[in-house]
Each structure stands twice: as C-alpha cells, then as structure tokens.
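Residue numbers (the working numbering): 15 to 1022.
All residues carry an ideal CB built from backbone N, CA and C; glycine is no exception.
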C-alpha cells in the first residue's frame, strides 16, 4: 500500500486548516439530511480543548533554537528535566503557549512541555477557527473523558513462580524488577494494602550508586533503595539514571503513606475539577484510591510477593505482583463522580500525568484506560505517550472492553504495547438441578454445598410494585424477603453490577444465586455476597427455563467438570482491525491474563474487601507492564520496542473454545505472552521516534517535522499487516540479533505466494543487524476477506514468529470525481484487483438549501439526523466572503445527544467547505458555521448556504446518474475507464451521487 494522501482535515502550511485532531478518514465522520438552525442556544463546539504547537517538547528537542542546547536524551538513557538547559527550554515553551493563547483571547488552564508542547484552554468556535489559522498550531483536540477499562493465579500461569520459573532465573522474587520504577496512571492507590507493605522512607542514602564515587562496598540489595531528600523521593535505578518523585498530600493521604514500595504519589485533577461540580464528586481528592481499579493494577504489576489474600473467612492463598521487587509511582488521573456519568479522566489531566511520569524518570507506564472510541495517533494523550516511548519508557496500554465487536480497540499507536485479555484456569462451581442435570460455571464463592433448595426466577419472588424486568435483574430493592428467603435465586445479567445482584439476594435471605447470561458473554469470578455460580448460554437459558417450571430445585457445589479450555481471548476484549492504521498495523499486540484476576483493591469501593477479582483488559495490561519491568531489570538500556518485540515473537497462540490453536490475530495479536521464553528472543525488531514519524506521514498525518513518509506496512514492527494487498506488495524489515546464530525463514499464509529475501540470515554476534524483504503475491486468497498467517525465523530451538494479516482488495478508485451542468459525463480510471468488476450508481440527491447570513465575527449551529442505511453523505457550506474574511466549519458526530468528537472543514477557492463521508455511522451531526470578520469594522455581512445530501439505496433522485460499464470481465491490476453520466440535475444547487463497487467502497460524484 502506498503512503496515504493528507487527510481532508489537514491543510498545508499557510492555509487555515491544519487542525482539529480527529481523523476523518479513519472515523468516517458522517453528515446529515436537511437540517434547521439550532440557534445560539446550542454552541456545542464551545468547551475545553488541548492545543498543540509545532516546537518539540523536552524529550525530543534537538537543539534547533539558538542558544538553547538539545534536551533529548541519548539512546538508552532517560530524560533529565533538572538541568539548566531543560529548565530554560521548558520556560521557552510555556511562554510560547501563553502567547498563542493570548492572541485569541484565551486563558491557559494547564501547560505541558515534557512529552508534548501543548496547552489546555476553554475555547469557543470562533477561537477554534482563529487558532486553526495561527502559524505554529499543529493540532486542536477536545478534552475527552477517558475511563478505566474494566492456572487460578496469574503469576503461576505465566510461569513466574516455582523452582524453574522466571523469578528463580532472575535471583528470586526479591530481585525481580529491582531498580525499576513502574508508573501507574489510574484511580490512585490504597497504601495500607499488604501488597504495598514496605519500610518507611528515610533520609539515609544507599551505600552505593549515589551518583558519586562510592565510599564503600554497596550493601546487599541496598543499591536501589529509595530515600527521602526533603519532600523529594530519590531512587537510583538499574539504568544508571535517577528517579525523583514526591508524596503529594490531600484528602486522607499524607507523606507517611509513601514507603520503599510506593515511592511517589501524585494526583492530576485540574481539568476534571473544573468540569465536575463539587456536589457530584466522590472519593478522595488526593492520590488515595476509592474505587479499587488503580490499587488492583498497581498490585498486579508490582505488588509484594507471597501476600495472603483473604476475604472474610475465605482464604485464596498467596498472590504476587508480576515484578514484586519493582517500585511503584502513582499518578492518579481517573476520578469518581457520584452519579457515574462524569467518572473517568480528562485528556488534559492524563497528559499532565504522562508529562510528570516521564519527568520523574519512570521506566514503565501502565495505562489501563481508554476512550469510548479509538484515539487518533495525534490525539494529545497518544502524542504524549509517543514521546514517553521516545524517551525510553515502555508503555503498556489496555485494548478496551468493547469486544467481540470488530474495530472496537483503543490505544492502537505503534509506540505502545496494546494488550488483549485472556483467560486463566478458572474457579468453578456446579449447578445440579432437581431433574438430575448438572452445569458447570464460574464461581469463587461456592466453598461448601448449598441445598438442595427451591430454585426460582427472581421475578417470581419480586416485591409488590417492583417492575418485573428489574426484579429479574435483581436490582436493589426489587425482591421480597417473604418470598425469597431460603431459596436459590436465578438473576439475569445486566444493568447493574454483578456483585450488587448477590447483595440483593442476601438482603432478602436467599441461600444462593445462579447468575445467567441472557446472550453469549463472559463468565466472571466475582466475589459475591451469597454462594453464586455464573453460567453462559446455552446452559444459562436451560437453567433459567427450568427455574420457571415450578417446584424446581437446585444444589450448588464447589468445582466442576468440563470447564473451558484456557487461555482463550475473553469475549469482552476489544478486537481489531485498527481503523487509525487503515489495516497496515496489527493491533492488539499481545494477550495477557485479564479474566478473574485476584489482586489488592480499595475497601471503600469493594464492599470493605482488601482483595477482589476483577476482569478486563485493564487487568491484562499490568501483567505486560510488570514483565517489561522484569526485562528492564535484566537489560536496563534496551529500547521499549525491542522488549515489545521479544514478547510478541515468543508468544504462543491462544485457544479456541474447542481447544484448537486460535488464528484470530485481531483478538489475540501475536498470542499469549510467554514469560519463560521472552528473555531469549533470538532476534528483535526495533523502531525509534523517527520511524514512528515516518509511519505517521505514511498514514496521512502531517507531523511538521519534514520526515519522509514510508509505506505504513514497512514500519519495522514485529508483525506484518497490509490493509490493501492489491495484487503484489513487498515489505521490508530489519532484525537485531541477541545472540549468534543462523536463521531460516518460513511463511505460512494461505492463498498468498510469499518469498523472503534473503531466506537465511547469519549472525556472528549479538547486536548485528540484517535487513530482509517479504514479497506477497495474491494467488487464491479471496478479495475483501482477511487472510492470516505467520513468518517464522528458526535457529536450532529458537523460533522468532511474527503474525501476518493481509486483506486482498478488489479495486482502487478515486474518492471523488466532479462534474458541472444539468447534463454531462465524466470518465475516470479505476484499477480492479479481480477479474469481475461491478459498479452501481445511487442518487443523485439534491436537498433543499438553507440560506443565512452572519454579521461580523459570528457563528450559527445546525443539528442534522443521519437516516439508517445511509451509504454516503456530503455536506456543503458555501460562503460569500468579503476580501480578507475567513470562513470555516467546526463539526462533529453526536451519539445519545452528546458531541463525540470535533473536526474542521476548510473553505476551498470557490468559498465552499465540503466534507465527503462514506458509510456514516452517527445518529446526528453538529455543525457550527463560522465567519471571522477581519475588516476591523465588525459589521461585515457574510451570506452562506448550507446543504446536506444523504444517499441511501432508495433515495428520492433529483435527476438521473448511470455508470458504465456496470459489470465487466477485466484483467486484475490493469486500469479500466468508467463513465459516470448524469441528466436532469439542478444547475443552481449541488447534487451528490455515490458510485459503489463490489467491496462496499465507492466514489462520490459531486455535481455543480
């Protein structure tokens, strides 16, 4: 696939538009049918934004400004923000940000300078358009809300413990991760947990490695001991750099809550506090965790070894973090609201947390959170993570919990490691019905036999006046104690938290609960208030139906036979393909344990418990973060991408439900991480910031760095992905040997002929590099269907496996062709990839025009609905601009009445702003039409017309459009001419048609 053209929302330097950071191509932002002005009551564009400027942040600054030397760290070293040069350059960036904000009359809320040159501010639509025209502004993004992504012992399952486990090879759990700091960006921490118990911080410096010539032999295990210097925590690390943090005080949190495990704790809430009224805030305004998510992720990544996990009278044995000797630095940026609608963290606070984590000197960032939709590569948070990785920080990110839907991932940038959630050996329980049939499910709460006892549907024991549907869900207060006492209650999954259902059963005296999925979904090992077994369909349906028969009985017992094969990718784990990558980058990267993970939690949000079972990609991510810490402890100067490569190329396939190896790369990535083999990868695929910038240029993002674009499939990545394999394509990779050896290549990719050149690579010593190509030719693979396989290099017992995913495509065609007049034709070229070509014309549509005027600097708003089944939408705003005035459109998709994202449409030489949207998916579109009066009088009048054309299969046509040939036998890869002809279209208004091809892609035909 050749590098993509610049996105429609990005305009060349010197014109108005380089700007609002939302990918039109990737997101497919739709537009609407004829709309009416919403009026000034709904200025949805006004709000909090992050504005990114062109100059480099500290971690990548190369010394291009006179008199300020470079601050960028050399490879293998971390950024030092305490130097005089770093302080000077940081001050320069902050001054620059303040100046840009002042030019549009805005006030800066927060400055960011370490990982991104960005500021946040409250902006209205006019300020947005003016900033879009400001030299040096490279991105504007709305301040979005992000959310935590929600063997039986995962460390045993990964092969960390035991005589032959990875910890033993590293010198034991006391040394596993020693000298490494994991930064956890999450909901905070519960410092009293036994998983974080450690000696108090003192002012006594370690005996050795103090940055000066040692005065004596370092004491055993003392070299990396953190200590306090005033209010600053200092820790000398395995890579020779120094971590400096602090213990920020606040609600329920003092400096004494930090120790030699929790060496630093900060919180970031400026944006969230400004947007959430005090009456709706819950939890602690401090690093203290009230929900439990951050405590769970931190203890999973780096909790102490062999901590006894007990809940009430139940003993679940000893648990450990993945890197139990690593230190934890807390960066709380996710918050809790009372009604739940404002829980999460704003982009502005997350960027501040990332910025500070890199400035402090963390080695690993755990980022168990995400947005509702896939983040753009140039979203401010992703940019900050990119520069963190450029500074040598390994970033583990959660893929999301929106599976099994396709393209439901978040955090898909190549500089992070995107993690899917897999299963481990389950805790099981069995439901035995009175008819003798038994069904095994998931249970962590059935320890002794319960019953035999009456089995009832929850609605059969509902309280008077309670809604039947709510009662079936076991919503709090819906069941009647007089009817439910002494019974096992069947509760439907959904609407409320699973644990709250068992709490309701306990409240009314129920003996136990059978939690049933009403459709195919995950089964989860929650800690319940009464003994509970969780069943999936079809067994759930069988038990549910039996319970409604009358005089039904059941017995609950511990354990069960026929439990699921593991590891499988969970149903909730988000799937690829990544839309931001256009199919040219495989995500997720890897799978780790993420189902029914037992770890420390915060008691206030977990029914008073100190430990609990959580499931989610949020739980999988800290497993990878902890493994990265173990890697750094062995190889402190390795790059984050080399470590990711080592994990991916040594991973093993997950399983399908029938026990076979899975080939679903969009679910598992490279497969399940293998801790015991990852330290011996043989070969690694490395990449740097310059490679990522070239990749961004290749997908159509103007990085303003002058970096030359590469084909996105040529990014030196441990997997190979081609979103459009059109006949033949050759990809290039470079590997670095970690030990001497001779490697031979093998490609397994059905329907594709593959040739690796050279097919044998010789390495005489570690550190040698070799470059090779893989040529892929489509033979029998079906066009438009995903084809998966692998490339494996083998040397003796060492195998280096890279997943391959390609999608043969059926046609290359222009996105838009144009024509004028009431009648006419346009002949254009397309290139089919198959021997049968099909094209169908829909439309034309010419919706009524909405006319209006804007006086001075003004704006007006439109809301428009998108009909179901719309194939394509085109919106046009034509301005009659006075000389020197500026017009533009700020717009975004709306779901459930809320604005999801914001984009900018530029005005062309004719004065028209146009956006073409294939296959739109939004319910409504918000559109702000903006004019800026540059005459200085404030009285300039700008007439405009607004029109939105939606094309469906049965759109009322305003004229006729045909395409020829509509069907033809062709030579694959050879261009053919298509002729689109039209007649009877209006000459005084725009008409739009859609020419659709066999794979659902198409071309807009824009007329007049």
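Check                                                                                                                             : Outcome
Reduced DSSP secondary structure (H/G/I, E/B, other) of residue 99                                                                : helix
Reduced DSSP category for residue 892 - H, G, I as helix; E, B as strand; rest coil                                               : strand
Sufficient close CB pairs (3 or more, under 8 Å) joining the stretch 556 to 563 to the stretch 357 to 377                         : no
Neighbour-count burial assignment, residue 230, 16 or more Cβ in a 10 Å radius                                                    : Here the model assigns residue 230 a pLDDT of 43, short of 50, so the residue's position is not dependable, and the following value carries that caveat. Counting Cβ neighbours within 10 Å, residue 230 comes out exposed, since fewer than 16 surround it.
Every unbroken beta strand (DSSP E) within the stretch 829 to 877, with a cutoff of 3 residues, ordered by chain                  : 830 to 833, 838 to 846, 850 to 859 and 864 to 869
Cβ pair count under 8 Å reaching 3, the stretch 809 to 818 against the stretch 950 to 970                                         : no
Option in 259, 78 and 340 with minimal Cα separation from residue 184                                                             : 340
Euclidean distance between Cα positions of residue 440 and residue 293                                                            : 41 Å
Coarse secondary structure for residue 465, derived from DSSP in three states                                                     : strand
Inter-residue spacing [alpha-carbon to alpha-carbon] between residue 404 and residue 95                                           : 15 Å
Where residue 693 sits in the DSSP three-state scheme                                                                             : coil
Status (buried if at least 16 other CB within 10 Å, exposed otherwise) for residue 78                                             : exposed
Backbone CA spacing between residue 391 and residue 714 [nearest angstrom]                                                        : 11 Å
Residue nearest to residue 397 in terms of C-alpha spacing, selected from 903, 639, 546 and 429                                   : 429
Pair within 8 Å by beta-carbon distance, residue 684 and residue 662                                                              : yes
Residues near residue 476 by beta carbon distance below 7 Å, same chain, minus five either side                                   : 482, 485, 492, 493 and 494
Among 311, 206 and 1010, the one whose alpha carbon lies nearest that of residue 638                                              : 311
Every unbroken alpha helix (DSSP H) within the stretch 261 to 314, with a cutoff of 4 residues, ordered by chain                  : 284 to 289
Inter-residue Cα distance where the pair is residue 794 and residue 766                                                           : 7 Å
Per-residue DSSP class, three states only, for residue 470                                                                        : strand
Spatial distance of residue 137 from residue 540 (CA atoms)                                                                       : 44 Å
Inter-residue spacing [alpha-carbon to alpha-carbon] between residue 621 and residue 628                                          : 14 Å
Every unbroken beta strand (DSSP E) inside the stretch 470 to 520 [3 residues or more]                                            : 502 to 506
Integer-rounded CB distance, given that residue 705 should sit under 8 Å from residue 659                                         : In fact, because the Cβ distance is near 13 Å, the residues do not count as touching under 8 Å.
Range of the contiguous alpha helix (DSSP H) that encloses residue 638                                                            : 631 to 648
Opposing strand residues paired with residue 1083 [DSSP bridges]                                                                  : Summary: the structure shown does not reach residue 1083, with the chain confined to residues 15 through 1022, and so no result is reported for it.
Status (buried if at least 16 other CB within 10 Å, exposed otherwise) for residue 771                                            : exposed
Sufficient close CB pairs (3 or more, under 8 Å) joining the stretch 200 to 208 to the stretch 253 to 266                         : no
Beta-carbon gap between residue 120 and residue 135 smaller than 8 Å                                                              : yes
Cut-off 7 Å between Cβ atoms - residues of its own chain near residue 972, not counting five sequence neighbours on either side   : 858, 859, 860, 999, 1000 and 1005
Length of the line joining the Cα atoms of residue 928 and residue 833                                                            : 15 Å
Environment of residue 245 [buried if 16+ CB atoms lie within 10 Å]                                                               : exposed
Between the CA atoms of residue 196 and residue 158 - distance to the nearest angstrom                                            : 25 Å
Beta-carbon contacts of residue 800 that lie in its chain and below 7 Å, excluding the five residues immediately before and after : 819 and 821
Per-residue DSSP class, three states only, for residue 194                                                                        : coil
Proximity below 8 Å, CB of residue 68 to CB of residue 718                                                                        : yes
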